[in-house]
Structure formats: C-alpha cells, structure tokens
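Residue numbers (this note's numbering), protein chains in the order written: chain A, 1048 to 1332; chain B, 84 to 669.
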C-alpha cells in the first residue's frame, strides 16, 4: 500500500526551511495515498522555479521540463496514456508569466489533467524579482518603486478560459489542500488549483501571518461551485478575506473524447506500425 | 507511349492565374491524367502569400522518362487571366502556344512573340452554358490542352472522376466542360500545336505526390501516434494531410497554440511511450530550440520536420531556401547528439521520415528531417511507396511490469550508452526524466563524477550512432566516376541537378552529382571519398553563404572553387546549372 513515507525520495531537500512548498509536497503525497494510487500510476510534470524540484522529492513518475511549458507536456502525457493520473506543477512565474500562453488553451481543451500552481507572488529561485502575481506597489529587487502593473488574477483568467475546475488552496493548510487535490485529481477534466504559497525568504508581504486570519473556506459558506458568476465574484475577492476551496466545478467532455482514434487501449500500449497505406495511396494515382 | 516535343523529350505546361482560381489543383489534375497514360510527371507551384488575387502559377513537366524538376522553358501556357498570358509569353519555346479565354481583350503590342501559337477558347461562355462555377474555366482549358497535344480525353475524365469522387454533379459538369474545351480546340486548331502525347498500352501503377504528402505517409508508416504542429508555410500541408486521415491511421493530430506547445506535446507523448512528431519552418523551429535541448538532455526521442523558406524573420513566406542547414545542426544551447537528414525527392522524404523515428528511438535523440518549400510543395510521380517500414524502437520495454535487476534507473550507465526506456505506468518501476543534469535515477545532480559518467555514456552513444547512420545512404553519387565535372548539392537541389546531368549529356559532357543526405553526424569519409575527382567541382546551394560548403571544409578540408548560389526563393533551373558546370570546366 502506498504511504506518505514510501512516497519520499532519498534526495536532500533544498527548499528553505518553512517554505510553503513543503505543505504542497505533503498535500500531494497525502492525496495520492488517500486516492489509493500506486506511485507508478502517477506522473508529475514540473517546470522551472523552486517548485520544479518537486519531481526530485516525490517518488512517482516524473517529467521535469523547461520554464513555463508544463501544460502542453502534461496534456500529451495524458493523451498518450489515459490510464495515468497526470498532475502538473508550475510556479506563478512559470505558469502566469513565461508560460501564460498555454493556460487558456489547456483550459479550453480540457484534458483530464490537474495543474497545481505554487503561487508565492515572487521569483524565489532567481532571488526576489517581481512575479505577475506580485501585488501593485510591492517592492521587489526589480521593482524598487513598487510594482506598477496590476497583478494577474489566475482564477478569473481560468474562469474566462472555460476551465472546468477552478480552485484555490493554501500551503499553510495542508489537510485542506490535500482534500482539494483529491477532488481535482478525481475530477474528469482540467483542474487548476492556485496555491497561496508563502515564500519565507523573498516575500515579506504575503506571509503565513498575512494569510492566517484572512483565508476562509468556501465550503463553509453557501457558495455554489456550479454558479459561474458567483465563482467570478469569489475570484475577485482579495483583501481582509481571501477565499480558498473550489470556486467552480462543472464537468464537460474531456479532450481525449474529441479523438475517436483514442478509444480502446492507451496509445502508449499499442503495437507500433503495420498501418496499411495502400488505401491512402489510391488518392495519388 | 509516344512523346513529340519542341526540345528534347519533355513537355512543359504552365497554368497561371489568380490565387483562388484553383491553379495547383488544375495543374496536378492534368498531371494525373497524363501520368495515367504511362508518363512521368513533375509539378511545381509558385505563389505569393495572398489568400486571393495575386499571380499564381503551376508548372507541369511530363516525359517518357523519370523527371526530377521543372525546366527553364515552357511549351504550352494555360492562362486563366490576361496577366499570365502577357507575363509568360517570354517563357515559351519557339513554336509553343498559349490557351486563354476568348473574352480577354488584347491591346496591340501586348503579345510580343510572333513565333508562338495563340489558342483562344471561349472558357467563360462554355461555363455559363453549363451553368457551372467560374472556377470550371480551368477544366475547359484542360480539355483544350489535351486536344492540342493529341492526348486521350478519357484519361482527363478519369482523373476528374477520381478527384471529385462521390460528387456526381460536379463530375458531370466538369466532364462537360472538358469535352467542350477539347472539341472546340480540335475543331478550331486541329494539329496546329507541334507537340504530341500519346498514352501507351500499359498503365504502370504510379503515384503523384508532394514532399509534404511523402513526409506524412512516412510518419504514418512509422507508426507515429501523436502529431502536433502550429500552422506555418510550407509545413502546414503535412498537418492538413494527417488531420484528414487521423482516425483511419490511429494518430492523434493536434493544432497546437504555438510551436513551443507543439514540440512540448511531442516530448510529453514520447516520454509516455508514443512515437511523436512535429513539423514547422525556420521561424517555428527557432521557437522550438529550447525544447529541443530538453528532448536532448532527457534523452526523449523526437522527430521534427523543418521545411525551409527564405529568412531571416518572415522573409518570403511562400518561397524556398536552403539557408537553415547550419542553424538546424547547431540549434539549442549546450552540446548534444542529434540526427539531421536532408531528403532530395519524394521517395527519400518518405523513407527518411520513417527512418527518423527509428533513429530517434534507438538512440534517444532528436531526429530532424530538413526539407524546403520546393520539395514539400512540388509533385513528382513515382512508384507507390511500399508500406512495410521496419519498426525499430530500440531499447524500449513494453512489458507491464519491471522484470529487470534491482531498481529501474531511467539513465542507467550502459556499455552502449543507451539507457533502456520504459512506458510510465509499468509496475515496479518509475521513470524520471529531468531537464537538470541528473544521475542514473534522473535525480538532479551537480556531482562532477556523475556528470563525467553521464558524458562518457553520451560519448559511447554517439560512437554507436555514427557507426549506424554511416551505413545508411549518407552520400549518394549519380553518374560515372570518371565524369568531367562533379556537381555537389543537397536537399531539393537534387532534382534540378539530376536534370542538369541530362542537359550536359545531350551536349556530350559527362557529369556526376554528389548528394549529401546525412548532415549530422556529418559523413566526412564518404564525402571526401565522393569528392576524389580530377575534374572541377561545382557546389550548388540555395543560400547566400554556401553552408554545405562550409561543413565540407570543416569536416573534409575541401574548398570549392566553383560555387553557384541562389537565394531569391526560386528553384534552380537545370539549364542554368549546366551552363555553370561548363563555366567551371572552362
């Protein structure tokens, strides 16, 4: 049986002590065990940034890619082998800056893939530059007069892109985050979990202290995740109260269903070759 | 079959008009009709990048022997607008002719040639009579052309039936249009046109395909399971062809949101165990280069077709070039092995594409098929491709459970340098692919000893790769060893070069052509061997800086005294190559 302990690797963890990534890693391991998945059935795809090291720290299949490109790779892994549970991990710089172009399209395609975004609102690995989710006025190494641009709102963006499952988690509440991951990984379709992740080294604004009294759980309110306009208003809520939980959830056909040729055995398990092209050649005679 | 021509034993038709008038379709339809009678055909198009309007043309050349390219001169122009007639009269051989719509008003002096035949046909009037769409004027012209060369109208009708299969009304209308054009020309012009094509009794089974179609068919035969691409001329026709046949051949075909997404999907699918491919042109390949390095360091097999067009930047989107050779073999940062092959015709496009999948998987490297617009969009007749491509997936374990010793390590240090892959989902084993420098398990490392061990593994793999690819037809030589002059080239230049050999032979000059097919790893020994000649050599390339010449100098220490470069986007013409070869001999 898969246990959280068995999902650990021997690799020395180099995240800063207290980093929000630990909560996300533990939540992921917890979700896998709660779902009763074997490590071989799971593929983690990670990008570049502190979060990207996660494929070294969790004992499942892993594909660590280049900056910003988690989603197309994860989409294709799932198409290639429908039997796998595919979870992408990306950072706010990774997914909402350099790789922003992929998010709306992944949402539109609706592959049965979960994407967990480690959103610490700062560039950590490259030592403290502004991120697209850094709040206006935030002074960082690259914004000495404070961030000028309004921040990207990933949840609103995902909703506007027809994402079928949109949630926000908090790395400081591992159990709640794990339950969100369980829900996202069981959900049939593209599921985004934007995770509020304190960066103890570079972000002195959005800290554990900052989130502690602000974060509240949507499931403890009368929020209806089937209500798109309610989801939109929750996506815009930020300040003294910050909602976490499932903002929106509505199933629709997944990407693989658009390919009749995918019916049957997973693509990766099929015999390669042996296609008779003689019928195709008739067109050219 | 019998062929009577103005010059030599080939006949060239030029179909010209506005974009949207179905120029390529008409030209290739005529090609198929003539191919059915036992002839060999070659068809090339020329069009500016406009959706409608602008001048487009299609050159169809036919012969009783295999032909490899278009020719300098034209015998019969089929003008679907006045511009074609006025512009291309100068391309006609003495005695050549032009078919055009009777309603074209010609001003005095607009036709400057007195040594050509003018064959106006009431195309629009006939189409009106039939009640068909204006585009059917083409078919009237085709019928007239068939009559002028004394060819069998039934062959054209058969080709029409096939092209519009299942659309009975369209077939019927087009048959009528062809018939009317045919009868009008026979009645009014009889045997006035000097060229003749007579179908033979035998109907050899041939296909008329473009390089794009050949590449797509090669991918299908190789069992490509996922194809993802972003539209870009001249690679888009591969995407179109595959997506139209995706269900039948069991391939997932995706139009991605960018070239970066396309190559990342290819990497994702290949990591998961599915053969995958993308195709693009130089600009799109530039976007893919970072991911190319990812494929390399993760040792994930990928197949990429790069269809060259003139750059830099947007360049001339609908023309051809051979200027991305050095870019392709060096693309992405860091050092890593790759395979780059450059097919020169449709047969090589088919076979090398299929082989690229084998090489990519056997050596877990990127394999790139370097083509260009001339090759991808030109039609050539050839024998039907045999489907039976041998599949070699190298060290890929398809078992459902890990049966090896100890723990599975994705990057295990092996004697061959190739580490066995498995399908993620295999029980008892985990596959970790890492874009960071990594140890045997795939975990990130900066340990100098591990890095050295991985580099040594890579070196062994490269040695093995070189041994294996050099036994392919890495360099091809056409013509006698003791020829007076040697032509050297690559890619689509092969066609005009082989035709130049024919031109030179007619002038009693013995010439040979050396075609470099494998660009990376570079077959230095085979190239040096092929270039051992006493006569002069002429290097022919579609770029400004003689990129193959620079590679040959680097690897073989040979410099070319005679170089013929063309970088205006147009194909080489055999006559011009022959003239340059004779200059080199002087």
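The C-beta atom is built at its ideal place from N, Cα and C for all residues, glycine as well.
Secondary structure of residue 1107 of chain A (DSSP, three-state): coil. Residue 111 of chain B carries a helical assignment under DSSP once its states are collapsed to helix, strand and coil.
Exposure of residue 1048 of chain A is indicated by the presence of fewer than 16 other C-beta atoms within 10 angstroms of its C-beta. Unbroken beta strand (DSSP E) runs of no fewer than 3 residues, entirely contained in the region 342 to 412 of chain B, are found at 359 to 363 and 385 to 391, following chain order. Between residue 518 of chain B and residue 1111 of chain A, the C-beta spacing is below 7 Å. Listed along chain B, the residues sitting closer than 8 Å to residue 1109 of chain A by beta-carbon distance are 513, 514, 515, 516, 517 and 525. Taking the C-beta atoms as reference points, residue 286 of chain B is found no nearer than 7 Å to residue 1319 of chain A. Residue pairing of residue 1134 of chain A in beta bridges, as defined by DSSP: A:1091 and A:1161. Distance from the CA atom of residue 173 of chain B to the CA atom of residue 402 of chain B, rounded to whole angstroms, is 22 Å. In the structure shown, the three-state DSSP call for residue 1053 of chain A is coil. For residue 237 of chain B, the closest Cβ of chain A is not nearer than 7 Å.
Counting along the chain, residue 128 of chain B sits inside the beta strand (DSSP E) bounded by residues 123 to 129.
Secondary structure of residue 559 of chain B (DSSP, three-state): strand.
B:388 is the residue among B:545, B:633, B:388 and B:280 whose C-alpha sits nearest the C-alpha of residue 440 of chain B. Between residue 537 of chain B and chain A, the shortest Cβ-Cβ separation is not below 7 Å. Taking the CA atoms as reference points, residue 1322 of chain A sits about 41 Å from residue 660 of chain B. Here the region 313 to 328 of chain B makes contact with the region 449 to 465 of chain B; the two share three or more CB pairs at distances below 8 Å.
Between residue 224 of chain B and residue 264 of chain B a beta carbon distance of about 6 Å is seen, short of the 8 Å cut, so the two are scored as contacting. When the alpha-carbon of residue 1282 of chain A is set against those of A:1144, A:1057, A:1202 and A:1182, the nearest one is in A:1202. Residue 1095 of chain A counts as buried, since at least 16 other C-beta atoms from the protein chains shown sit within 10 angstroms of its C-beta. Cβ atoms of residue 648 of chain B and residue 605 of chain B stay farther apart than 8 Å, at about 20 Å. With respect to chain A, the C-beta atom of residue 348 of chain B has a partner C-beta closer than 7 Å.
Contact annotation: the region 1154 to 1171 of chain A touches the region 1116 to 1129 of chain A, with at least three C-beta pairs closer than 8 Å.
With 16 or more other Cβ atoms inside 10 Å of its own Cβ, residue 96 of chain B counts as buried. The alpha-carbon separation between residue 591 of chain B and residue 579 of chain B amounts to approximately 18 Å. Exclusion of the five residues before and after residue 187 of chain B leaves 165 as the residues of its chain whose Cβ lies within less than 6 Å of its Cβ. Within the region 295 to 329 of chain B, the complete alpha helix (DSSP H) segments of 4 residues or longer fall at 319 to 327, listed in chain order.
The criterion of a C-beta distance shorter than 7 Å is not satisfied by residue 1235 of chain A and residue 1272 of chain A. By the neighbour-count definition (other C-beta atoms within 10 Å, threshold 16), residue 651 of chain B is an exposed residue. Between residue 582 of chain B and residue 150 of chain B the beta-carbon gap is near 7 Å, inside 8 Å, which marks them as a contact. When the beta-carbon positions are compared, residue 1086 of chain A and residue 1125 of chain A stay at least 7 Å from each other. Taking the beta carbon of residue 1113 of chain A as reference, the chain B residues within 7 Å of it are 373, 374, 377 and 518, listed in sequence order. Annotation for residue 540 of chain B: 496 and 500 place their beta carbon closer than 6 Å to its own, counting only its chain and skipping 5 residues before and after. For residue 462 of chain B, the enclosing beta strand (DSSP E) stretches over residues 462 to 465. Nearest C-alpha to residue 550 of chain B among B:442, B:245, B:251 and B:271: B:442. Contact between residue 268 of chain B and residue 322 of chain B does not hold, since the beta-carbon distance rounds to 40 Å and is not under 8 Å.
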